Amino acid sequence: MNKNFKVIKINGFRGVLTAIFVIGCLVAGFLIFPGWVFMHLWNYCASFFYTMPSMHLVHGVILWAIVALTVYAINNNHPLIGVSSHPALNEEQIKDIMERVKANAPNPVNMPKNIKNEEKKVENNDKSDSLDEIRK
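Residue 0 is where the sequence shown starts when you use the numbering used here, and the numbers rise one by one after that.
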């Protein structure tokens, strides 16, 4: 099994722009928006007290980072999100599974022929039905 495969491939200037856009969206979605929510929650709660300072977006992002890292540190034994592989499967078992999948998969060479034959049958049935309707 080839373990040296490329995960991300960026081609040309458009690829770089797309990568920058994706990274910007991830930053906005996971940092800026929760920071904005924390900022507004803090400012709403601070409006009930006279001496509490108001926050700006940077402070909200910092507060969000503190909360997120604290939750991560507390739940280190039970992560909320995780990516892992099944430890009981070795390479031979994975190859066996892949062979079974390939054996049970429909033959892609025959698929278009079957689809074309079915389409012709449907077209022929539609034409005969429409001719019967016209004759009546």
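Cβ coordinates follow ideal geometry from the N, Cα and C atoms, glycine included. Note that the coordinates shown come from a computational prediction; the quantities given were computed from them, not determined experimentally.
Same chain, Cβ closer than 8 Å to residue i, neighbours up to 5 away in sequence not counted
i, result
"ALA45", "MET51, PRO52, SER53, MET54"
"TRP35", "LEU56, GLY59"
"VAL15", "ILE9"
"VAL66", "PHE37"
"GLY28", "none"
Status (buried if at least 16 other CB within 10 Å, exposed otherwise) for residue i
i, result
"MET97", "exposed"
"PHE37", "buried"
Any non-hydrogen atom of the ligand FAD within 8 Å of residue i CB
i, result
"ASN10", "Among the components modelled here there is no ligand, and therefore nothing to report on the ligand FAD."
Same chain, Cβ closer than 7 Å to residue i, five either side skipped, listed in chain order
i, result
"PRO33", "TRP63"
"ALA18", "ILE9"
"ASN42", "SER53, MET54"
(message) Which complete alpha helix (DSSP H) runs does the region 26-106 hold, if anything under 4 residues is left out?
(response) Counting only runs of 4 or more, we get 32-45, 56-73, 90-103.
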